[in-house]
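Working notes for the structure below.
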Amino acid sequence: MTVSPLSGKRILLLIGGGIAAYKCLDLIRRLRERGAAVRAVLTRAGSEFVTPLSVSALTEDKVYSDLFDLTDEAEMGHIQLSRDADLLVLAPATADLIAKMATGRADDLASTVLLATDTPVLAAPAMNVRMWQHPATQRNVNQIERDGVTLVGPNEGSMACNEYGMGRMAEPMEIVAAIETAFSVPHRPLAGRRIVVTSGPTHEPIDPVRYIANRSSGKQGHAVARAAQMAGADVTLISGPVSIEDPPDVTMVRVETAQDMLAAVETALPADALVMAAAVADWRVVERQEDKIKKADGGVPHSIALTENPDILATVGHAGARRPRLVIGFAAETQNLLENAGAKLRSKGADWIVANDVSPEGGVFGGDRNTVRILHANRVDSLPTQSKDAVAAHLVERIDAFFNGIDTAASLESDPK
Ligand code: PMT
132 MTVSPLSGKR ILLLIGGGIA AYKCLDLIRR LRERGAAVRA VLTRAGSEFV
182 TPLSVSALTE DKVYSDLFDL TDEAEMGHIQ LSRDADLLVL APATADLIAK
232 MATGRADDLA STVLLATDTP VLAAPAMNVR MWQHPATQRN VNQIERDGVT
282 LVGPNEGSMA CNEYGMGRMA EPMEIVAAIE TAFSVPHRPL AGRRIVVTSG
332 PTHEPIDPVR YIANRSSGKQ GHAVARAAQM AGADVTLISG PVSIEDPPDV
382 TMVRVETAQD MLAAVETALP ADALVMAAAV ADWRVVERQE DKIKKADGGV
432 PHSIALTENP DILATVGHAG ARRPRLVIGF AAETQNLLEN AGAKLRSKGA
482 DWIVANDVSP EGGVFGGDRN TVRILHANRV DSLPTQSKDA VAAHLVERID
532 AFFNGIDTAA SLESDPK
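132 is the number of the first residue of the sequence shown in the working numbering; add one for each residue after it.
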């Protein structure tokens with residue numbers, strides 16, 4: 132008989148106020164069948180959909196609901212509630228609870244427990260399709276994912292409000308599977324691999340106060356570094372100037388110019404893979420001025436002579452013995468995406484090019500989502516629009532498959548070239 136990874140685990144289930152709350156009764160039963168102990172916090176809105184009595188009967192424990200219940204504060208404070216759990220499961224995760232988590236609001240027991248915890252959190256969103264699609268909800272969802280919350284669902288389907296779309300809470304068995312995954316030994320398929328990732332823009336100084344730059348925020352490159360680290364790789368992240376946080380447990384190298392970035396990449400080699408997500412400036416000024424350039428007499432602006440920067444990707448792509456086994460470039464295009472990205476694949480000696488359309492209306496530069504196509508020598512794989520974290524996770528899965536000799540094309544929409 133196989134022992135469930137849930138056996139002996141303590142789960143704190145936070146039940147939000149939505150019609151899907153009724154599924155939590157089945158969820159409790161399934162978790163307990165697998166040997167988990169379940170304690171529940173029922174929000175006030177949640178108790179409109181399921182009664183404390185039924186939750187208590189299934190958990191065989193007291194149901195917690197009031198932040199200001201003094202007896203509980205004496206016997207079981209909100210901090211203790213979360214400390215006594217191995218995992219917090221929020222289901223249904225309503226738009227309101229997700230917004231509270233994203234902004235750190237704590238005005239009832241459930242949101243206070245969520246803010247006070249350092250225990251992993253799994254959330255099963257459930258809401259009307261329009262609420263799910265609303266930019267505010269999407270912003271909040273991206274934020275809580277960045278804060279480390281794992282999501283299961285929502286699913287597409289018909290809803291209690293007679294609409295159809297994304298927003299149905301995951302079924303109890305899907306939530307159980309996600310909880311089992313959360314308790315499984317971390318999958319670290321890239322353990323032992325060295326991966327160098329570049330990210331962000333480069334700044335090319337004109338004088339002490341001015342520089343040439345671009346709109347890269349570093350979100351995509353940092354997400355790749357984070358995903359590779361989570362997959363067990365030894366990651367060096369070489370970043371141009373950005374204002375986002377460093378991913379945990381990577382070796383950070385901060386650079387300013389394209390020339391600095393080239394030197395840092397060369398120092399970081401040898402590596403198994405290089406991922407060039409940085410938006411490297413193509414040009415730098417020929418002569419950087421030591422003093423601030425003054426306005427010219429007569430209002431005629433100074434002209435600035437530019438020269439081409441070294442192409443880091445092409446340098447490493449053609450580096451012979453020092454070339455990593457896998458060299459991945461990105462291509463930022465505003466027109467003829469596949470044609471231009473294909474030309475970069477060939478000329479820069481890359482194995483794959485991740486092509487994204489960076490036309491301003493798409494909001495890829497600086498935004499949280501991306502739509503990419505991955506070009507190989509003989510095919511193009513199209514990925515759906517998704518968060519930059521999801522693009523990164525997908526790319527890392529493919530890097531893992533590459534090193535394990537698996538062809539990932541079968542599961543994707545592949546356009547033969
Ligand atoms: O940082 P974000 O706001 O999250 O935005 C993400 C992104 C749009 C910057 C990212 O997804 C992306 O497309 N990065 C590559 C940007 C770019 O410089 O593209 P390119 O088409 O100009 O260059 C092609 C490839 O050559 C890139 O891998 C680039 O890193 C590399 N290159 C370019 C010039 C140069 N001198 N040296 C290089 O190595």
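Yeah, the Cβ is synthetic: ideal placement off N, Cα and C, and Gly gets one too.
(Q) For A362, tell me which candidate among A233, F534 and V495 has the shortest Cα-Cα distance. (A) Counting from one through the sequence shown, the residue named residue 362 turns up at place 231. For the residues A233, F534 and V495, the minimum Cα distance to A362 belongs to F534.
Q: Check whether the region 398–408 touches the region 320–332, counting contact only when three or more Cβ pairs, one atom from each stretch, lie closer than 8 Å.
A: In short, these stretches touch, since the Cβ pair count reaches three.
Q | Whole-Å CB distance - I337 paired with Q420, under 8 Å assumed | A | The sequence position of residue 337 within the sequence shown is 206, counting from 1. The sequence position of residue 420 within the sequence shown is 289, counting from 1. Their Cβ separation, rounded to whole angstroms, is 7 Å, which keeps I337 and Q420 in contact under 8 Å.
(Q) Does I326 come out as helix, strand or coil in the three-state DSSP assignment? (A) For the purposes of this step, residue 326 is taken as the residue at position 195 of the sequence shown. Looking at I326 - three-state DSSP - the assignment turns out to be strand.
Q | Enclosing alpha helix (DSSP H) for T243 [first to last residue] | A | Counting from 1 along the sequence shown, the entry for residue 243 is found at position 112. Counting along the chain, T243 sits inside the alpha helix (DSSP H) bounded by residues L240 to A247.
Q) Tell me which same chain residues have a C-beta within less than 7 Å of the C-beta of G460, skipping the five on either side of it? A) As a first step, residue 460 must be located in the sequence shown, where it is residue number 329. Here the set comprises M407, L444, K475, K479, A481 and I484.
(Q) So, for V252: in the same chain, excluding its five sequence neighbours on each side, which residues have a beta-carbon less than 6 Å away from its beta-carbon? (A) Residue mapping note: residue 252 aligns to position 121 of the sequence shown, counting from 1. Correct list, in chain order: L219 and V280.
Q. Mind checking S330: buried by the 16 CB within 10 Å criterion, or exposed?
A. Numbered from its first residue, the sequence shown carries residue 330 at position 199. S330 is buried by the Cβ-count criterion.
(Q) Looking only at its chain, what residues have a beta carbon closer than 6 Å to the beta carbon of L245, apart from the 5 residues adjacent to it on each side? (A) The residue labelled residue 245 in the question sits at position 114 within the sequence shown. Excluding sequence neighbours, L245 sits near M232.
Q) How about L282 and A254: do their beta carbons lie closer than 8 Å? A) On the sequence shown, position 151 is the one that residue 282 refers to. On the sequence shown, position 123 is the one that residue 254 refers to. Their beta carbons are under 8 Å apart, which means L282 touches A254 by this criterion.
Q. Counting Cβ pairs, one atom from each stretch, are 3 or more of them under 8 Å apart for the region 373–391 and the region 304–314?
A. The region 373–391 is not in contact with the region 304–314.
Q) In its own chain, which residues sit with a C-beta less than 6 Å from the C-beta of L393, not counting the 5 before and 5 after it? A) For the purposes of this step, residue 393 is identified with residue 262 of the sequence shown, where counting begins at 1. Non-local C-beta neighbours of L393 in its own chain, meaning closer than 6 Å and more than five positions away in sequence, comprise P441 and I443, ordered along the chain.
Q. Can you check whether the CB of T333 is closer than 8 Å to the CB of V411?
A. Working through the sequence shown from its first residue, we reach residue 411 at position 280. Working through the sequence shown from its first residue, we reach residue 333 at position 202. Between V411 and T333, the C-beta gap is smaller than 8 Å, which places the two residues in contact.
(Q) Going by beta-carbon coordinates alone, are A399 and I435 separated by less than 8 Å? (A) One-based indexing of the sequence shown puts residue 399 at position 268. One-based indexing of the sequence shown puts residue 435 at position 304. At a Cβ-Cβ threshold of 8 Å, A399 and I435 do not count as neighbours.
Q: Tell me whether R504 sits in a helix, a strand or coil according to DSSP, three-state version.
A: Counting from 1 along the sequence shown, the entry for residue 504 is found at position 373. Per DSSP, reduced to three states, the secondary structure at R504 is strand.
Q | Straight-line gap, A224 to A257 (C-alpha atoms, nearest Å) | A | In the sequence shown, residue 224 corresponds to position 93, counting from 1. In the sequence shown, residue 257 corresponds to position 126, counting from 1. The straight-line gap from Cα to Cα measures roughly 6 Å.
Q. When DSSP builds the beta bridges, which residues end up paired with N286?
A. As a position in the sequence shown, residue 286 is number 155, starting the count at 1. When beta bridges are read from the DSSP output, N286 appears opposite R299.
Q) Exposed or buried, what is Q466 when buried is set at 16 or more other beta-carbons lying within 10 Å of its beta-carbon? A) Working through the sequence shown from its first residue, we reach residue 466 at position 335. Exposed.
Q. Just checking my contact of A472 with A452 at CB under 8 Å: how many whole Å lie between their CB atoms?
A. Residue 472 sits at position 341 when you count from the first residue of the sequence shown. Residue 452 sits at position 321 when you count from the first residue of the sequence shown. In this structure A472 does not touch A452 by the C-beta definition: roughly 27 Å separates them, more than the 8 Å allowed.
Q: Report yes if the C-beta distance between V169 and L144 is below 8 Å; otherwise report no.
A: Within the sequence shown, residue 169 is the residue found at index 38, counting from 1. Within the sequence shown, residue 144 is the residue found at index 13, counting from 1. In terms of Cβ geometry, V169 and L144 form a close pair [threshold 8 Å].
Q.
What ranges does the beta strand (DSSP E) occupy inside the region 175–234, keeping only unbroken runs of at least 3 residues that lie completely in it?
A. The region 175–234 contains, as complete beta strand (DSSP E) runs of 3+ residues, the segments 218–224 (chain order).
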